[in-house]
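This report refers to the structure that appears directly beneath it.
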Amino acid sequence: KQEVTQIPAALSVPEGENLVLNCSFTDSAIYNLQWFRQDPGKGLTSLLLIQSSQREQTSGRLNASLDKSSGRSTLYIAASQPGDSATYLCAVRWSNDYKLSFGAGTTVTVRA
Amino acid sequence: DTGVSQDPRHKITKRGQNVTFRCDPISEHNRLYWYRQTLGQGPEFLTYFQNEAQLEKSRLLSDRFSAERPKGSFSTLEIQRTEQGDSAMYLCASSTRVTGGPGYNEQFFGPGTRLTVL
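Just so you know, the protein sequences line up as chains X and L, in that order. For what it's worth, this note's numbering labels the leading residue of the first sequence as 24, then goes sequentially. For what it's worth, this note's numbering labels the leading residue of the second sequence as 137, then goes sequentially.
Okay, structure coming up:
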C-alpha cells in the first residue's frame, strides 16, 4: 500500500535553531513531492516542489531533499523564527497518478 | 493571478440538510482537485477533474456526494443529506499540465470551506 508518514507529529524548538522535518514514503515510484505549510484553520501554502529527477530544491531559508531509493524527503528550515510555527505537510504524487497522498503533518512551535 | 478561491469559508448546517461548495481555480489551470481534511490528519483525495471531465473519484465519495465542473472553469461539490461525519475542511486545489508554465504539476490550494454538521 502506498503511504506517506511524517514523524514526529509535533516539534518544539527555540528561536534560531535549525528545523529538520522528515517525510517517508513506501513506494519509490513517485512523480513528484510537495511540502506545504498550514496555519491553524487555514488552507495549504505550497513551499517547495521536488520533481522525481531532482535531489533537492531550495527557496530562501528552506531546503528540501529527496532520496527515492530510501523513500525519504527532508525539509530543512534554517534559523527558525516564531513565524515559522505551523503544521508542515508532505505530499507525494505517485507515478501514473494525479492526486496527492499526504502525511499527517508535523506541527512546529518555535519558542521566542 | 488571484489564487484558488472557495466559497463559503464556513458552513454550519443541520444533519440531513444539503450543502453546496464552490471552488474557483487559478485561471487557465485545467486540473482541479477536491480533498477533505479532518482534525489532525492530512488531506484525503475526493475527486479530480481535467477540464470538465471528472476522471477519478475516491471511495470516500459516497453517493451522497456529487461534484461538477461545467465548462471546465469553477467547480461545485454538493453533499446531500449531511451527516455529522461529514464535518471537515473541504479543500480545493488546481494545477496546470502546460509544460514549463508556472506551477507545472504543482498543486495550489484554496483557503478551504469548514463544514460543521450539527
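Note that the Cβ used here is the ideal one computed from N, Cα and C, for glycine as well. Being a predicted model, the structure only gives us computed values, none of them experimental.
*Using a C-beta to C-beta distance shorter than 7 Å, which residues of chain L count as neighbours of residue 126 of chain X?*
For residue 126 of chain X, the C-beta contacts it makes with chain L under 7 Å involve 178, in order along the chain.
*Should residue 106 of chain X be counted as a contact of the ligand PLP given a C-beta to heavy atom distance under 6 Å?*
Absent from the structure shown: the ligand PLP. Ligands present: none.
*Taking only beta carbons into account, state which residues of the segment 91–125 of chain X come closer than 7 Å to chain L, listed in chain order.*
Legend: CB atoms of the segment 91–125 of chain X lying less than 7 Å from CB atoms of chain L belong to residues 112, 121, 122, 123, 125.
*asked:* Which residues of the segment 47–59 of chain X have a Cβ closer than 8 Å to any Cβ of chain L? Give them in chain order.
replied: Those residues of the segment 47–59 of chain X that come within reach of chain L (Cβ to Cβ, closer than 8 Å) are 54, 55, 57, 59.
*CA nearest to the CA of residue 141 of chain L, picked from L:242, L:252, L:226, L:241*: Checking every option, the nearest Cα to that of residue 141 of chain L belongs to L:226.
*asked:* Do residue 224 of chain L and residue 169 of chain L have their beta-carbon atoms positioned less than 7 Å apart in this structure?
replied: Taking 7 Å as the Cβ cut-off, residue 169 of chain L and residue 224 of chain L do not qualify as a contacting pair.
*Just the chain X side, please: which residues come within less than 8 Å of residue 181 of chain L by C-beta, in chain order?*
Correct list: 122, 123, 124.
*Does the distance from the C-beta atom of residue 89 of chain X to that of residue 73 of chain X stay below 7 Å?*
Cβ atoms of residue 89 of chain X and residue 73 of chain X: closer than 7 Å.
_Close Cβ partners of residue 181 of chain L (< 6 Å) along its chain, the five nearest in sequence each way excluded_ = If we look at residue 181 of chain L and ignore the five residues flanking it on each side, its Cβ neighbours are 171, 194.
*Run the CB neighbour count on residue 55 of chain X, radius 10 Å, all protein chains shown included, and call it buried at 16 or more, exposed below.*
With 16 or more other Cβ atoms within 10 Å, it is buried.
*Under 8 Å by Cβ, that's how I've got residue 208 of chain L and residue 187 of chain L pegged, so tell me the actual separation to the nearest angstrom.*
Residue 208 of chain L to residue 187 of chain L, Cβ: 4 Å. Contact.
*When we look at the beta-carbon of residue 95 of chain X and count the other beta-carbons within 10 Å, is it buried (16 or more) or exposed?*
Exposed, because fewer than 16 other Cβ atoms sit within 10 Å of the Cβ of residue 95 of chain X.
*Local Cβ density within 10 Å of residue 179 of chain L, reported as buried at 16 or more and exposed below that*: Of the residues assessed, residue 179 of chain L falls on the buried side of the cut-off, its CB having 16 or more other CB atoms within 10 angstroms.
*Beta-bridge partners of residue 100 of chain X, as assigned by DSSP*: Residue pairing of residue 100 of chain X in beta bridges, as defined by DSSP: X:42, X:85.
*Which listed residue (L:185, L:192, L:196, L:217) has its alpha carbon closest to that of residue 206 of chain L*: That would be L:185, whose Cα lies nearest to the Cα of residue 206 of chain L.
*Between X:33, X:115, X:37, which lies nearest to residue 44 of chain X when the distance is taken from Cα to Cα?*
Checked all of X:33, X:115, X:37; the closest Cα to residue 44 of chain X is X:33.
*asked:* Once the 5 residues before and after residue 201 of chain L are set aside, which same chain residues still bring their CB inside 6 Å of it?
replied: Exclusion of the five residues before and after residue 201 of chain L leaves 215 as the residues of its chain whose Cβ lies within less than 6 Å of its Cβ.
*Identify, in the order they occur along the chain, each residue of the same chain with its Cβ nearer than 7 Å to the Cβ of residue 133 of chain X, setting aside the five sequence neighbours on each side.*
Sequence-distant Cβ neighbours of residue 133 of chain X in its own chain, meaning closer than 7 Å and more than five residues away, are 36, 38, 103, 104, 105, 107, 108.
*Under 7 Å by beta carbon: chain X residues contacting residue 187 of chain L*: Near residue 187 of chain L there are no residues of chain X at all, since even the closest Cβ is about 13 Å away, more than 7 Å.
*In terms of residues, what are the limits of the beta strand (DSSP E) holding residue 35 of chain X?*
DSSP places residue 35 of chain X inside the beta strand (DSSP E), whose first and last residues are 33–37.
*From the DSSP output, read off the bridge partner residues of residue 231 of chain L.*
Residue 231 of chain L is bridged to L:167.
*Within 7 Å (strictly less), CB to CB, does residue 226 of chain L reach chain X?*
With 7 Å as the cut-off, residue 226 of chain L does not count as an interface residue toward chain X.
*Is there at least one Cβ from chain X nearer than 7 Å to residue 161 of chain L's Cβ?*
Chain X contact via Cβ: absent.
*Sorted by chain position, which residues of the same chain lie with C-beta nearer than 8 Å to residue 155 of chain L's C-beta, five sequence neighbours on each side aside?*
Result list for residue 155 of chain L: 147, 149, 214, 215, 218, 251, in chain order.
_residue 164 of chain L: contacting residues in chain X (beta-carbon distance under 9 Å)_ = Residues of chain X whose Cβ lies closer than 9 Å to the Cβ of residue 164 of chain L do not exist; the shortest such Cβ separation is about 17 Å.
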